[in-house]
Amino acid sequence: MKIKFLNRAGFTLVELMTVATLVSSVPLGAYKAVGKAKQSFCKNNLNQIYQALTMFMMENNDRLPSACFYPENSSAENSIVNILHPYLKNKNVFLCPSLPKELQKKEITYIWNDQFNNKNPDGIPNRDKIWLMTEMTATSEKIPPPHSGGYNILYLDGHIETKQKPPDLGREANH
């Protein structure tokens, strides 16, 4: 007895579900990859800023600049962007690419730890635990952290870490 097999011209439900699952996971993977790339870009920005700070300190008796916590705009006299301009011509370095364009309008998205203005970092203990710069979103609990739930933080000794909690800003945060 011969069994006839039907010629099928379509896909089974299992095949369709498998393809749908694979296709829907591609955008999620791409989104995560873009987020990681922006986080790395931000860390690179903070590293370039630290290199410019090092050059500034070499010309200023090993002292940090006197900059404001967060300026009205990037060209303000006491803006870290303006102070480091001779050492760092590209202003885009002061923009975290993970933050919305609306927050980038002032041409600076990082805050400066002004508690160490005009100080020599060599005389400060625990430099590896003291923040120097981080994203401006660390000032408000209402704005989510920009990097997969974390903040990139430049420390006084020059290393950069991503932390889930913002650094202690040493001032009242806007709640």
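Under this note's numbering, think of the first position of the sequence shown as 854, with each following residue one higher. Built from N, CA and C at the ideal position, the CB exists for glycine as well.
- Given a length threshold of 3 residues, each whole run of the beta strand (DSSP E) inside the segment 902-968 is given here in chain order: 963-965.
- Where N1005 is concerned, the enclosing beta strand (DSSP E) starts and stops at 1004-1008.
- In terms of Cβ geometry, A991 and L941 do not form a close pair [threshold 7 Å].
- At the C-beta level, I933 and W984 stay beyond 7 Å of one another.
- Straight-line spacing of the CA atoms in T962 and A920 works out to 14 Å.
- The beta carbon of M870 is closer than 8 Å to none in its chain, skipping five residues each way along the sequence.
- About 6 Å separates the Cβ atoms of S927 and K959, confirming a contact at the 8 Å cut-off.
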